[in-house]
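What follows is a short report on a single structure.
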Amino acid sequence: MCMTTPPPNSFIQRLIGAAALDAAIYEEVEADPKAGIQAAAVVVLSSLAAGIGARGFSQNSVPNIALISILALMGWACWALLTYEIGSRVLPEPQTSVDIGQLMRTIGFAATPGFLRVFGFIPGVAVPAFALATVWMLVAMVVGVRQALDYTSTGRAVAVCVLGWVLALAFVVVLGLIFGPTVS
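Following our numbering, the numbering of the sequence shown begins with 1229 at its first residue and continues without gaps.
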């Protein structure tokens, strides 16, 4: 009997699966080195959505939208790096075996719910859009981390993601205070 491997899912199917928290999609992108470009695109688009959606918090100018997009991108990168360090070095399980590319691909796709932040520009929608996207991204990140780090415990993945998120959030807040617009 000849077994054939099904073709990989399309980019759109991967986005939908990642947003739906489908562990099989996270396993697929972890194993597919070619998915790195797709994962990077997800992170960039999610960061742009944050910049555009942040317009709903105030009358942001184009430079402020760019700054917020860059801060969102830097925040994601910081979160990803911290997650890698915490998950692979501080809290690994015995079977944990991961390289940075595998983790970046899975948590890149975990940024898919961040696309919702673009709706923040609609009056009255900014806070709910950002809150929903943040929680959904955190949950997606837990699924991605659990798969990429081969954890048997979801609790360990939650601990890694929350700790990394808190540290990354502190980093972004400090950057925002230093480089952000002044509030009068």
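C-beta atoms are modelled at their ideal positions from N, C-alpha and C, and glycine is treated no differently.
Identity of the residue in the options nearest residue i by Cα
i     : options                       : result
A1454 : Y1379, M1369 and Q1375        : The structure shown does not extend to residue 1454, since the chain is modelled only from 1229 to 1412, so the question has no answer here.
F1407 : V1390, E1256, N1292 and V1355 : N1292
Q1323 : A1300, E1255, S1289 and L1377 : L1377
A1282 : I1298, L1391 and A1269        : I1298
L1395 : R1384, R1317 and W1307        : W1307
A1259 : V1318, C1389, R1333 and V1367 : R1333
G1392 : G1404, V1373 and L1405        : V1373
L1331 : L1405, L1301 and E1255        : E1255
V1363 : C1389, P1236 and S1289        : C1389
S1316 : V1257, T1232, A1387 and T1233 : A1387
S1286 : Q1241, P1234 and G1348        : G1348
G1245 : V1371, S1381 and A1385        : V1371
R1384 : V1318, A1361 and P1351        : V1318
A1263 : G1284, L1249 and Q1241        : Q1241
L1309 : D1327, L1360 and P1235        : D1327
L1243 : T1233, P1261, P1235 and Q1266 : Q1266
For residue i, the first and last residue of its enclosing alpha helix (DSSP H)
i     : result
P1291 : V1290 to E1313
R1384 : T1382 to F1407
G1336 : I1328 to F1337
E1432 : Look at the range of the chain in this structure, 1229 to 1412, and you will see that residue 1432 is not part of it.
S1316 : It is not in any alpha helix (DSSP H) - S1316 carries neither H nor E in the DSSP assignment.
T1232 : Where T1232 is concerned, there is no enclosing alpha helix (DSSP H), given that its DSSP letter is neither H nor E.
G1279 : A1263 to G1281
L1366 : A1354 to A1376
R1345 : Careful: R1345 lies outside any alpha helix (DSSP H) and carries neither H nor E.
A1252 : A1251 to A1259
F1239 : F1239 to A1247
CB contact flag (residue i, residue j, <7 Å)
i     : j     : result
G1336 : V1271 : yes
Y1379 : E1321 : yes
A1339 : S1274 : yes
L1344 : A1354 : no
M1365 : P1341 : yes
Q1375 : A1247 : no
C-beta neighbour in chain C for residue i, strict 7 Å
i     : result
V1401 : Absent here is chain C; the protein component of the structure consists of one chain.
Cβ contact (3+ pairs, closer than 8 Å) linking the segment 1392 to 1401 and the segment 1272 to 1284: no
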